[in-house]
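Asks:
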Amino acid sequence: MNHKSNTITLIGAGLNGPLLAILLVQRGFAVEIYERRPDMRRVRMSAGRSINLAMSTRGIHALQQAGLWEGMRSIIIPMRGRMMHSPAGDLTFQPYGKDDREVINSISRAELNIALMNAAETRGVTIHFQQRCTGYDLKTGTIRLRHEDSGEETTVESGVVIGCDGSASAVRTEMFKLNRFNFSQQYLTYGYKELTIPAGPAGGHLLETHALHIWPRGDYMLIALPNIDGTFACILFLPFEGADSFAGLVAPQDVTRFFEDRFPDALSLMPQLTENYFANPTGAMVTIKCSPWHVEGKSLLLGDAAHAIVPFFGQGINCGFEDCTCLAALLDQHGADWPRVFANFESARKTNTDAIADMAIENFVEMRDRVADPRFLLKKKVELALQARFPQLFVPKYAMVTFHRVPYSVALARGLVQDRILAELCDSVGRLEDVDWGVAERLVRRDLTPLEHVQ
Ligand SMILES: Cc1cc2nc3c(=O)[nH]c(=O)nc-3n(C[C@H](O)[C@H](O)[C@H](O)COP(=O)(O)OP(=O)(O)OC[C@H]3O[C@@H](n4cnc5c(N)ncnc54)[C@H](O)[C@@H]3O)c2cc1C
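In the numbering used here, each number is its position in the sequence shown, counted from 1, plus 31.
1. Against chain B, does Pro247 count as a neighbour if the rule is that its beta carbon must be under 8 Å from one of theirs?
2. In whole angstroms, what separates the C-alpha of Phe425 from that of Gln449?
3. To the nearest angstrom, report how far apart Leu169 and Gly190 are at their CA atoms.
4. Which partner residues of Tyr8 appear in the DSSP bridge assignment?
5. Across the stretch 192-201 and the stretch 158-176, are there enough close Cβ pairs to call them in contact, namely three or more that are closer than 8 Å?
6. Kindly list the residues whose CB is nearer than 8 Å to the CB of Ile135, restricted to its own chain and excluding five residues on each side of it in sequence; keep chain order.
7. Using only alpha-carbon positions, find the residue among Phe294, Phe395, Asn375, Pro312 that is nearest to Thr318.
8. Between Asp354 and Arg380, what straight-line distance do the alpha-carbon atoms span, to the nearest angstrom?
9. Can you look up Asn258 in the DSSP assignment and give me helix, strand or coil?
10. CA-CA distance, Pro270 and Trp100?
11. Taking the CB atoms as reference points, tell me whether Ala278 and Thr227 lie closer together than 8 Å.
12. For Arg476 versus Met252, is the C-beta spacing smaller than 8 Å?
13. For Val460, which residues from the same chain have a beta carbon less than 7 Å from its beta carbon, with the 5 sequence-adjacent residues on both sides left out?
14. Excluding the 5 residues flanking Gly79 on each side, which residues of the same chain have their C-beta closer than 8 Å to its C-beta?
15. Taking a contact to mean a Cβ-Cβ separation below 8 Å, would you say Met148 touches Ile158 in this structure?
16. Give the straight-line distance between the Cα atoms of His34 and Thr185, rounded to the nearest whole angstrom.
17. Specify, as a first and last residue, the run of the beta strand (DSSP E) that Tyr65 falls within.
18. Verify whether the separation of the beta carbon atoms of Gly334 and Asn83 is less than 8 Å.
19. Using the three-state DSSP reduction, which class does Asn394 fall into: helix, strand or coil?
20. Give the DSSP bridge partners of Thr240, in chain order.
21. Can we count Asn149 as close to ligand 2, meaning its CB is less than 7 Å from some heavy atom?
22. Can you tell me whether Cys355 is helix, strand or coil according to DSSP?
23. Let me check you understand the geometry: is the CB of Asn383 closer than 7 Å to at least one non-hydrogen atom of ligand 1?
24. Three-state secondary structure (DSSP) at Val191?
25. Using the beta-carbon count (16 or more within 10 Å), is Glu66 buried or exposed?
26. Counting only the same chain and skipping the five closest in sequence on each side, list residues whose C-beta sits under 6 Å from that of Thr40.
27. Within 10 angstroms of its Cβ, does Asn307 collect 16 or more other Cβ (buried), or is it exposed?
28. Note down, in chain order, each residue of its chain lying with its Cβ closer than 7 Å to the Cβ of Asn37, except the 5 sequence neighbours on either side.
29. By a C-beta neighbour count over all protein chains shown, 10 Å radius and 16 as the cutoff for buried, is Leu332 buried or exposed?
30. Put Ile53 into one of helix, strand or coil per three-state DSSP.
31. Taking 7 Å as the cut-off, does the CB of Pro427 come closer than this to any heavy atom belonging to ligand 1?
32. For Arg445, report the span of its alpha helix (DSSP H) as first-last.
33. Measure the alpha-carbon distance for Ala454 versus Glu393 and round it to whole angstroms.
34. Below 6 Å CB to CB, which residues in the same chain sit around Phe160 once its five sequence neighbours on both sides are set aside?
35. I'd like to know whether the C-beta atoms of Ala97 and Leu143 end up nearer to each other than 8 Å.
36. Bridge partners of Ser498, per DSSP?
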């Protein structure tokens with residue numbers, strides 16, 4: 032057995048693990064990470080890991096705290112809005128924010144993971160690859176590990192263990208065995224499949240570069256995010272079962288026919304559609320809520336291990352990175368008083384992570400269906416006009432979540448009030464010009480208080 036009593040042990044070198052490790056090292060702690068996968072910098076990446084992420088203000092803030100954001104500018108592509116593709120191939124662009132500074136940033140998950148692991152190692156963190164945590168004794172702090180290749184079993188003892196091991200967390204499995212551990216998991220009836228639009232002949236993008244492309248089709252959708260190499264990482268979201276579903280697409284000709292019928296303009300850009308389709312797995316999407324996240328000062332869950340959410344608000348990693356900065360701020364405040372830090376961390380984060388979990392599910396309906404609805408597009412225009420007139424009072428929910436660090440629970444609550452205002456202003460009009468701005472001012476001033484920390 033290895034004794035690492037002065038070392039903080041993290042399980043998982045996904046996205047949150049290495050970032051948290053850097054923030055801990057900055058505060059004088061020694062950190063080791065145990066990761067079940069091989070080192071992706073040395074081994075060819077497996078299918079299913081090429082997804083792009085949308086990085087926004089919360090994630091950027093955390094990367095800035097770690098001193099990493101400026102170095103990442105060369106691997107991101109800003110996306111200014113959604114480009115909707117109708118079945119006839121018509122395009123409608125809808126900006127995400129009030130101006131070109133309010134953008135979300137497309138970044139390859141693999142590139143981000145590699146940059147984070149490199150930075151963590153440079154700062155003295157050791158990452159042990161192919162070491163799967165198979166169990167953890169919460170009383171003694173003994174972690175059981177199995178080498179994924181050789182099968183060799185070892186143990187490590189650690190005073191503080193943080194589970195950054197994602198939605199199927201092994202650390203959480205141990206907590207599950209404790210009395211009064213609350214746990215819920217809810218799978219969507221939808222799955223997702225990664226696909227690719229290759230780069231054009233000159234290496235450029237075949238669709239508008241600075242947009243997140245959406246083919247909304249009511250019950251399902253296709254999306255595409257730009258990569259720096261000229262390709263687009265696409266994700267097809269479809270029900271697992273039913274009329275238009277993964278279950279119905281069994282042979283290459285089923286897939287081609289489905290795309291010819293539903294996404295003809297995308298099909299013309301995807302010469303390897305059927306190869307990609309059958310090579311890549313169909314992923315499931317789950318919301319996980321649990322509590323408590325910690326056992327005394329010994330063990331903590333963070334990121335997807337504590338709160339996995341569905342991807343439709345593009346906030347999973349932004350939320351996880353905000354966990355990391357929150358934990359770091361509590362360490363600055365209280366020092367290594369782990370029982371206090373962990374308890375305060377959960378109180379600060381749990382209502383907020385529950386709120387973004389609920390908003391992420393709501394946003395699925397918005398993305399696959401409502402973005403194609405003219406009434407929805409009118410409301411979006413009215414939202415931006417209200418924000419221009421009352422910048423301290425009315426900030427669209429999407430902006431509160433994506434461009435500000437307003438607590439998620441505040442964004443959820445204010446979003447409900449704002450939805451009622453929008454309904455009252457828009458339900459009887461068909462154009463922005465017809466909105467009654469006198470009524471708008473009365474409602475906004477009556478129902479909303481100034482929002483802190485918004486310029
Ligand atoms: C389709 C899709 C699209 C998404 N899009 C976005 C987006 O646009 N924006 C955004 O912010 N978020 C997005 N997310 C969410 C984001 O990917 C997750 O929130 C994020 O990866 C969570 O990071 P994590 O470090 O907590 O977990 P993970 O990234 O899952 O990392 C966990 C790590 O732990 C390792 N591990 C697991 N079990 C063990 C074990 N027993 N022993 C040792 N190691 C172990 C795993 O191998 C992995 O490396 C998306 C997710 C999906 C599925």
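Beta carbons: idealized from backbone N, C-alpha and C, even for Gly.
Replies: On the basis of the data shown:
1. Looking at the structure shown, chain B is missing, and only one protein chain is on hand.
2. 8 Å
3. 10 Å
4. A query on residue 8 cannot be resolved here, the shown segment of the chain reaching from 32 to 486 and no further.
5. yes
6. Ala85, Met86, Ser87, Pro109, Met110, Tyr127, Leu243, Gly345, Thr433
7. Phe395
8. 7 Å
9. coil
10. 36 Å
11. Going by beta carbons, Ala278 and Thr227 fall outside the 8 Å limit.
12. no
13. Val466
14. Unreliable positioning characterises Gly79 in this predicted model, as indicated by a pLDDT of 46, which lies under 50. A coordinate reading is not provided.
15. yes
16. Unreliable positioning characterises His34 in this predicted model, as indicated by a pLDDT of 49, which lies under 50. The coordinate reading is nonetheless provided below. Between His34 and Thr185, the C-alpha separation is close to 12 Å.
17. 61-65
18. Taking 8 Å as the Cβ cut-off, Gly334 and Asn83 do not qualify as a contacting pair.
19. Residue state for Asn394 is assigned as helix, using DSSP reduced to three classes.
20. Note: Thr240 sits in no beta bridge, so no partner.
21. Annotation note on ligand 2: not contained in the displayed structure, which lists ligand 1 as its ligands.
22. helix
23. Result no, Cβ not under 7 Å from ligand 1.
24. strand
25. buried
26. Glu63, Ser189, Val192
27. buried
28. Ala61
29. A residue is called buried once 16 or more other Cβ atoms fall within 10 Å of its Cβ, and Leu332 is buried on that count.
30. helix
31. no
32. 439-457
33. 17 Å
34. Glu66, Pro69, Asp70
35. no
36. No statement about residue 498 is possible, as the shown extent of the chain runs from 32 to 486 and does not include it.
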